Structure formats: structure tokens, C-alpha cells
Amino acid sequence: MVDIRTGRPATLAPNGMVTSPHSLASQAGVDVLRAGGSAVDAAVAASAALSVVYPHMTGVGGDAFWLVHEAKTGGVRYIDGGGRATAGGTIGAFARRGLTEVPYRGVLPGTLTVPGAVASWGEAHAAFGRLPLKRCLESAIGYARDGFPVTARLAYWRELAREELAKSPEAAAIFLKEGAVLTNPDLARTLEAIASDGWYGFYEGDVARELVRWSTVNDGFFTSDDLKAQLARWGEPLKGSYRGVTMYETPAPTQGFAVLEMMNLLEPLELHKKPFLGPDYVHFMVQAKQLAYHDRDRHLADPRFADVPMERLISKAYADERRGLMDPAQAVPWDRIPSYGSLAGDTVYIAAVDAEGNAVSLIHSLYGGFGAAVVAGRTGVVLQNRSAYFSLDPQSPNRVEPGKTPLHTLIASMAFRDDRLWAVVGCMGADGQPQIHLQTYLAMIDHGCDIQEALETPRFLSGRFAIGEARDTLHIEGRFPPETVAELERRGHLLNRWGPWNELAGHAHGITIDQASGLRVGGADPRSDGAAIGY
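Residue 871 is where the sequence shown starts when you use the numbering used here, and the numbers rise one by one after that.
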């Protein structure tokens, strides 16, 4: 096997564990587990803490999607915490403003959809919480009120977004002030309102009134009725299999089906018999990605508004039909199997497992770095720009409509062996997320890596980060074997050679359960500020 390790071992614990992209958030979750909380309590605690200490990638103003495993029933349930478009969110509303696409930054994308994460916290906690919500949010409130250290990574992303943040007086006052410690007392008060009153503390009451006041003053979309209409919904996850492993992914409007479609395309190719990190290993995954993303762009939208043929897309028979388009010898040109989107985007992922074996796989995001780069008045809330994914083309299944959720790149996963929970895995990375899920799972299933090794495996991403870059660029970390890179280039792949490690390759996290001992085995991506912490 290629030596891919940094020397960091996987984290082992006999009881509960949380992993996330910031150590303080993972610790907040474990503190809740130690206090008697459930996996859901721990996930809420970590998600809220990340909303404070990782503000460039997530926040109270974002969306969230959940998979929840209940150990006593063995089932997996899904929560859709996607924000719905406001009543005024129409194609005509943008036409009247002289716009042909939803802007990426500013008040308009920030207020076009209502934040859905808080509603999802409340829904999950009502069903599976053991501790009061106030206890779950305790760490987050403390970090917002008293301050937290600015890491080098946060400082970097803050500088990257400085010009956009400076356009929002409220955002500039919070994030562009000097100092090694950052505070957000307005956000502390918002979190205190949620801790006291749950859903009502955010979508009604003083916080909601300030959100609406600020939106109105700035010609945004939010109204009080829009906020009151935001609810999280329970549903069924997508289910697939790969080489005896049963896998669950989040369904439409998320792109989770793409992971299962790629697995189906690859399974008969027997990648476990090909060299790990060899040219075939990458070449076939890239082509599977092309096919799955082409299907994503043709079909994916909010299933309450569009017919999204999920079951067909994740069937083995459909993969058998599509596999004939793959070429073992040459890269397939982008214009033969086109797909769109962008690899640029920022998200957090949390995995939590409690002592009873209940588990949460949670993805929570603002979409772009610092979202819409606006803070909503005196709430301290950074608003997401997820609505920039909406199309203003009337023929698109993903066109903006009141009450609709845009196509979501956010996905979360779980996997089972012999009907027993085996893995809870997820990542950030916008359009790269299905590719990172795929690489992580194949490293473990096909090549025997533990979760930490799988997360540290040299990574590639196919697609573009910015306008002007070819859509079929293959970005690849420098730790791949030189002979693999040379052969990929010979086969016609358009390569962008990264250094040994690149944060743009996304960061992933996960927990596996050792089937013999029951030990929790945790991994954290060194491309983040994260940690897997257990007890």
C-alpha cells in the first residue's frame, strides 16, 4: 500500500464520540454526551458551536440535513432542514431588478430563502433529545459571548472575504476587528433565545422581528410569514449497496443519489483488484462522476416541486445502461457528458455516536465562505447564500419558486455491515462532496484503510473552482504516485497538480464502529481544524 499517513492515529473510545472540523465543537458535543445526552444532543451542541467558532463555513443562518440512526430499532431516518424560498422569491422579482441570475453575495441571496438549520435542530431534539436544549447550546453561547481563538485557517478565510464582509456594517464590526479572540454578543443573545424557546426563539419573537426589520430596510425578501412557514421535515433516506456494504445517503433536494449511482457504476469494475491510487483507480472514478453529475444536473430539484426519479437513478440496472459510456483507455470529453456547478463552497460535517449506539450524520452549511457575507442586523446571524443555486430559467426543474428549496450540494451518509452500523461519514466541498464520499468509502471498503487513513488518502476533485477554469479539470494532490499522474495525463485528463495537501480538496470526518469490540474509531481531516474526540 502507498504510504499515505501523517502519523496521526485514529481515535479510539469505548462509549461515545464526536468528530467535526473544529476541536472546540467536537469537545462541546462530547461534554454533552458525558452529561447524559444522546447522539442528537451532541450533534446539536457541535453544530451550534461550529456556528460560532467556524463562521466562514456554517452558521445559524444556514441549512442542515440529517441522518439519524436509532440503535433499538436499527432504522435510519432523514431530516430535511433545507431553507424554503420566500413568498416573494419569484423569477419576476429578479427580472424587475434587472437580474438574470441570483447574485452570489449580498442581501438578495441572503434573504431569498429562510434559514433551515434551527428548525432541524428543534425537530431532531424533540424526537431524540435527552437534555434540555439550553444545555446543548451552552458551549456555543459561551464562545459567542466570551470569545474564542481565531485560528490561522479562520484568519485566512476572513482575509479572503474581507472585501465582501466590509460591505456589511454588521459583518465588518464582528469579523474585521483586530485581535486574537473573536466575540459575537448579538449571536449569543440569538442562541439564548433559541435555547429558551426552541423554534419560536428564532422564527418568531424578537429575533424574527429583527431579521424582518433588517430585510425590509435593505430591500430583501424576508417577511414574518416567511419565517413562520419554515419547518423541518422527516423523510426516508436513499439506500444502496456496494460489495456487501449497505449505504444510506440524503435524498433530493440533496445530491446524495450521485454517490450511490457512482458506486453502482464502479462495482462491476472491481477496483479492489486494481492498485490503490493507481491510474485506473482515479480514471474510472472520474468517469463515474461525469455520468452521475450529468444526471444530477438533468434531474435534481426539490421533489415537492419536480419529478426527481431517485429510485431509477440509484438502481443497478440504470448503472448497467450508463456504464457503456465509460472509456477505459481515454478521458471522456466534457462536452460529451457535460455537467455544471462549482467545487467552491464551504460546509461543516459532524458525526456523533453515543454509548447506546445511536448515531447522527449531520451536514450544516452557509454555502459560500461567510455565506452571503451579510449579518442580519443585531442578530449576529451570518445569512447563507444557498439560494444562488436557484436557476432563473423558467424551464429548469431547479427554477426559483415560493416555498421551494434549491438544489443542495449538502449530503450526509451512513453505512452498515450485516445490518449493524459500521460508518458515519461526511465532508465539506460543494460539488466535490460525492467525490469525497466515494474516495473515502472505497479506501476503506476496497483497500482496508481505517477511517483516519481514508481521510488522509491523497485526494482528487474533478470540476472547476472558478469561472475560466475548464469544467473537466482534474485537481490532484501531489502525494499520488508520479506514475499515476503521468498515466492520467497520457489518457487525456486535464490536470491541475496541487501540492501534497490542499484544503481545496475538502475536509471529511467520520466514525466507524469496530464490529468485534464495539469500539468507536474516529477520524478527523488534517485539512481542517478538526478533531475526533471520544470517552
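C-beta atoms are modelled at their ideal positions from N, C-alpha and C, and glycine is treated no differently. Predicted model only: the values in this text are computed from it and were never measured.
Taking the CB atoms as reference points, tell me whether Met1196 and Phe1154 lie closer together than 8 Å.
yes
Between Val1087 and Thr1060, how many whole angstroms is the CB-CB distance? I'm expecting something under 8 Å.
Actually they are not in contact, since the Cβ atoms of Val1087 and Thr1060 sit about 18 Å apart, beyond 8 Å.
Member of Ala989, Gly1017 and Arg878 whose CA lies at the smallest distance from the CA of Glu1074:
Ala989
Straight-line Cα distance separating Asp911 from Asp1150:
43 Å
So for Thr928, helix, strand or coil by DSSP?
coil
Which residues in the same chain as Arg878 place their Cβ atom closer than 7 Å to its Cβ, once the five residues preceding and following it in sequence are excluded?
Gln1322 and Pro1396
Please check the pair Arg1390 and Met887, which I expect to be a contact at CB under 8 Å, by giving their CB distance rounded to whole angstroms.
4 Å
With distances taken from CA atoms, which of Leu1280, Ala1041, Pro973 and Val946 is nearest Ala1171?
Leu1280
Whose C-alpha, out of Arg1000, Ala1199, Leu1213 and Ala1285, is nearest the C-alpha of Gln1305?
Leu1213
Tell me which residue opens and which closes the alpha helix (DSSP H) that Trp1371 is part of.
Premise fails: Trp1371 is in no alpha helix (DSSP H) and is neither H nor E.
I'd like to check one pair, Val1129 with Arg1287: are the Cβ atoms closer than 8 Å?
no
Alpha carbon of Val872 to alpha carbon of Phe1146, nearest angstrom
Confidence in Val872 is poor, its pLDDT being 46 and thus under 50, which makes the residue's placement too unreliable to answer from.
So for Asp1205, helix, strand or coil by DSSP?
helix
Distance check for Asp1216 and Ala1378, CA to CA, integer angstroms please.
12 Å
Nearest-angstrom Cα separation, counted from Gly1194 out to Gln1200:
13 Å
What is the DSSP secondary structure of Thr1343, reduced to helix, strand or coil?
strand
Which residue spans inside the segment 1010-1054 form an unbroken alpha helix (DSSP H) run of at least 4?
The alpha helix (DSSP H) runs of length 4 or more contained entirely in the segment 1010-1054 are, from start to end of the chain, 1022-1030, 1032-1035 and 1039-1045.
Contact set for Gly1071: own chain, Cβ-Cβ below 6 Å, skip 5 residues either direction:
Ala1063 and Ile1064
Collapsed DSSP secondary structure at Ser990 in the structure displayed
helix
Length-filtered (3 minimum) beta strand (DSSP E) runs lying within the segment 1250-1276:
none
Sheet register partners of Ser890 (DSSP bridge)
Ala1401
Could you compute how far the alpha carbon of Tyr1405 sits from the alpha carbon of Glu1034?
Taking the straight line from one Cα to the other gives about 41 Å.
Enumerate in chain order the residues of its own chain whose CB-to-CB distance from Leu1057 is below 6 Å, with the five nearest sequence positions on each side excluded.
Ala1014 and Gly1250
Bridge-paired residues (DSSP) for Trp1104
Ile949
Roughly how many angstroms lie between the CA atoms of Met1298 and Trp991, to the nearest whole one?
19 Å
Look up Gly976 in the DSSP assignment and give the residues it is bridged to.
In the DSSP output, where bridge partners are listed per residue, Gly976 has none listed.
Here's a check: name, in chain order, each residue in its chain whose Cβ is nearer than 8 Å to the Cβ of Gly1049, leaving out the five neighbours to either side.
Val1020
Helix or strand or just coil, what does DSSP make of Met871?
Legend: pLDDT at Met871 = 39, less than 50; position of this residue unreliable, value from coordinates given subsequently. Three-state DSSP puts Met871 in coil, outside helix and strand.
Spell out the partners DSSP gives Phe935 in its beta bridges.
Asp950 and Ile1233
List the whole-angstrom C-beta distance separating Gln1309 from Thr1327, where the pair is believed to meet the contact cut-off of C-beta under 8 Å.
In this structure, Gln1309 and Thr1327 form a Cβ contact; the two beta carbons are roughly 7 Å apart against a cut-off of 8 Å.
Could you spell out where the beta strand (DSSP E) holding His1363 opens and where it closes?
Where His1363 is concerned, there is no enclosing beta strand (DSSP E), given that its DSSP letter is neither H nor E.
Flag this pair as touching only if the segment 980-988 and the segment 888-898 have three or more C-beta atom pairs under 8 Å; answer yes or no.
With a cut-off of 8 Å, the segment 888-898 and the segment 980-988 do not count as touching, because too few Cβ pairs lie within range.
Name the DSSP bridge partner or partners of Glu940?
Gly945
Three-state class that DSSP yields for Thr1354 in the structure shown:
helix
Is Met1196 helix, strand or coil when you go by DSSP?
coil
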